[in-house]
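K.L.:
Chains H and L supply the protein sequences, listed in that same order. Okay, so the first sequence: first residue is 1 according to the numbering used here, each after it adds one. Okay, so the second sequence: first residue is 1001 according to the numbering used here, each after it adds one. All C-beta atoms, glycine included, are put in the ideal place defined by N, C-alpha and C. In this text the structure is predicted, and so the values were computed from the model without any measurement.
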Amino acid sequence: MIRMENYSVELGNFKLKDVNLEIPRGEIFGIMGHTGAGKSVLLESLAGFYENHEGCVYYDDMPLDSIPLQKRRIGFVYQDYALFPHMKVRDNIEFGLKMNQVGKAERRERCEEIMEKLNISHLRDRMPATLSGGERQRTALARALVLRPEILFMDEPFSALDPWTRKKMRKLVRKIHDELGCTVVFVTHDHEDIEMLADRAAVVLDGRLRTITDNSGCFGTEDREDASPLMMGRTL
Amino acid sequence: MKRKTVRRRSAFERITVLCALTVALFIFTALSFIVIRGLPYMSQVITSPEVRFATGLSLMTAFISTAICLLLGIPAAYALTRTRMRFHRVLTVVMELPLSIPNVMLGLSLLLMFASMPGKFLSAHGISFIYNVKGIVLAQLLVNMPFLIRITRTSFMNLDPRLETIAETLGAGSFKTFLLIMLPMAKNGVIGGAIVAWSRALGEFGATLMFVGATRMKTETLPTSIYLNMATGDIGPAMACAMIILLISGLSLVISGFFNSKPVNGGGERQ
Ligand SMILES: Nc1ncnc2c1ncn2[C@@H]1O[C@H](COP(=O)(O)OP(=O)(O)O)[C@@H](O)[C@H]1O
Ligand SMILES: [Mg+2]
Chain H
1 MIRMENYSVE LGNFKLKDVN LEIPRGEIFG IMGHTGAGKS VLLESLAGFY ENHEGCVYYD
61 DMPLDSIPLQ KRRIGFVYQD YALFPHMKVR DNIEFGLKMN QVGKAERRER CEEIMEKLNI
121 SHLRDRMPAT LSGGERQRTA LARALVLRPE ILFMDEPFSA LDPWTRKKMR KLVRKIHDEL
181 GCTVVFVTHD HEDIEMLADR AAVVLDGRLR TITDNSGCFG TEDREDASPL MMGRTL
Chain L
1001 MKRKTVRRRS AFERITVLCA LTVALFIFTA LSFIVIRGLP YMSQVITSPE VRFATGLSLM
1061 TAFISTAICL LLGIPAAYAL TRTRMRFHRV LTVVMELPLS IPNVMLGLSL LLMFASMPGK
1121 FLSAHGISFI YNVKGIVLAQ LLVNMPFLIR ITRTSFMNLD PRLETIAETL GAGSFKTFLL
1181 IMLPMAKNGV IGGAIVAWSR ALGEFGATLM FVGATRMKTE TLPTSIYLNM ATGDIGPAMA
1241 CAMIILLISG LSLVISGFFN SKPVNGGGER Q
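1. Answer yes or no: does any C-beta atom of chain H fall closer than 9 Å to that of L:T1165?
2. Short of 6 Å in beta carbon distance, which residues of its chain neighbour L:V1104, apart from the five on each side in sequence? Order them along the chain.
3. Report yes or no: is there a C-beta of chain L within less than 9 Å of the C-beta of H:G75?
4. Give the interface partners of L:I1181 over in chain H, defined as CB-CB distance under 7 Å, in chain order.
5. With DSSP run on the structure shown, which of helix, strand or coil describes L:C1241?
6. Take every Cβ of the segment 104–124 of chain H, pair it with every Cβ of the segment 38–51 of chain H, and state whether three or more of those distances are shorter than 8 Å.
7. For H:I2, is the classification buried or exposed, using 16 other Cβ atoms within 10 angstroms of its Cβ as the cut-off for buried?
8. Which full runs of the alpha helix (DSSP H) of 4+ residues lie inside the segment 1044–1108 of chain L, going along the chain?
9. When you compare only the Cα positions, how much space is there between H:G48 and H:I194?
10. Quick check on L:E1013 - is its C-beta less than 9 Å from some C-beta in chain H?
11. Heavy atom of ligand 2 less than 8 Å from the Cβ of H:E156, yes or no?
12. Tell me, please, whether the CB atom of H:M154 is closer than 9 Å to any CB atom in chain C?
13. Name the chain L residues that come within less than 7 Å of H:Y78, Cβ to Cβ?
14. Could you pull out every unbroken alpha helix (DSSP H) segment of at least 4 residues lying fully inside the segment 1151–1236 of chain L, listed in chain order?
15. What runs of the alpha helix (DSSP H), each 4 residues or longer, lie entirely inside the segment 171–218 of chain H?
16. Check whether the segment 1135–1145 of chain L touches the segment 1065–1078 of chain L, taking contact to mean three or more Cβ pairs, one atom from each stretch, closer than 8 Å.
17. Which residues neighbour ligand 1 when neighbourhood means a C-beta less than 6 Å away from any of its non-hydrogen atoms? List them by chain order.
18. Is there a C-beta anywhere in chain H that falls below 9 Å from the one on L:M1185?
19. According to the neighbour-count rule (16 or more other Cβ atoms, all chains shown, within 10 Å of its Cβ), is L:P1075 buried or exposed?
20. For a contact meaning CB atoms closer than 8 Å, what does L:K1134 contact in chain H?
21. Could you work out which residues of chain H lie near L:G1171, taking near to mean beta carbons separated by less than 8 Å?
22. Closer than 7 Å by beta-carbon distance: list the chain L residues that pair up with H:E49, in chain order.
23. So is the beta-carbon of H:V187 under 8 Å away from any non-hydrogen atom of ligand 2?
24. Contact check, L:T1208 vs L:V1133 under 8 Å by CB: the rounded distance?
25. Looking only at its own chain, which residues have a Cβ that is under 7 Å from the Cβ of H:G181, when we skip the five neighbours before and after it?
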């Protein structure tokens, strides 16, 4: 379980203010909001990337600041994927295993397995710069998932994809979630992503968390175009 | 980047081109005199013991001082950019101050430092720098360390810190992250900087002269040799040394330029 209590963080002119949030284990949680609203900052905060914050984040009642980054068992996929540019796809994916002292044979095996699952086996010897957007994303996802994280964070994982790939990726994320039983927190612009994937969703507006909604029935009944102003009114 | 222009150059553009040509011509003319005057002497002087000594001494001291610069400078640059070190702004200024101080003055400060009580204590116990080869290395260090720290610090600052965060979530500690993520990505900038630092060390004169003096066949580096030989009217060896410096400097510049322009991804960009 992730719990955020009275969390604020200031970055230059921007401030994420007084966020209270609880995400139970195994949930798929969506974060929505306008560009620049602070979605990415919230996501990074949930992963505990900022040091100069007020308030607290807990994973299973452990204060996050007391768990080193290496021990948090989180996978993070950035919007632009942030692959290690000097490493082949395979080395990107195996990096985490190497850091966790997994033996060479098992490393190869787990790497092949996840590449197979994400359909990128044929890319194993390519450099990130030569990959397409979708291929990069699947590589970044594989890099995070190969360690079987307890929480998977994804910043706008579907934005750069065409509708067809997008649909496939959503199914894939759902499948991975069901297999690993991990918590998934993702950011999106698109109501459809929330509808299709999320158990619950929150809206971020100008650095504040405005709404937390159950997926069932909230977006479905309303016209999609109108959904967001409507949700803004329904403050938590 | 290249752009084909059909239109005529404006007056402003023509002035800038003229400025560029003037500067290039000035530098080329000045340096070509070294080549023109130096070439005739090359064959007869290049094998002389003095020139060979000076070349060897310069290459060696520059190599050692650059190695020490890298060994100390890279961790220092890391501390300045990646740790929440106290007073890091002030310390950055202190470390890079020598960049804007004349080398003669840096040599003078070393001389004064080692002529002081603690310095005398050191040399009494066999650690002596003044007027010997170790002093040359130290002078080059003081001149080049700030240069290398600035280059390395800039390279580190240009890296995307999110890659380091990702590496840490994947289990890498700070040293592994440094070694496997930061260093390979900053590699070309640092190597390019080190090559320039090495060639700067090779040509360092002011600080060396002040600190270790100019003793023939003892503290005679390539620039010192130019100075000594010109002072005694021996134009031959002076020109030979000048030619050697010119050659090495030019080569270093080309090689470091190669490193600086190389992308880290090892492949063509696509998107
Ligand atoms: N490290 C930072 N320093 C200063 N401002 C930042 C930093 N990171 C984000 N911001 C600002 O915070 C705001 C929210 O950013 P972000 O969370 O990335 O928005 P989005 O909701 O589009 O993901 C933006 O105005 C951005 O410019
Ligand atoms: Mg964002």
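P.N.:
The structure says:
1. yes
2. G1206, M1210
3. yes
4. F84
5. helix
6. no
7. buried
8. 1049–1082, 1088–1096
9. 24 Å
10. no
11. yes
12. The question asks about chain C, but that chain is absent: this structure's protein chains are H and L.
13. R1162
14. 1161–1169, 1174–1177, 1183–1202, 1206–1212, 1222–1231
15. 191–197
16. yes
17. H:L11, H:G12, H:F14, H:G33, H:T35, H:G36, H:A37, H:G38, H:K39, H:S40, H:V41
18. yes
19. exposed
20. In chain order: nothing, as chain H lies at least about 38 Å away.
21. Q70, G96, M99, N100, L147
22. Strictly speaking, residue 49 of chain H in this sequence is Phe, with Glu absent from that position. Per Cβ cutoff of 7 Å: T1165.
23. yes
24. Between L:V1133 and L:T1208 the Cβ distance is about 10 Å, and since that is not below 8 Å, they are no contact.
25. G26
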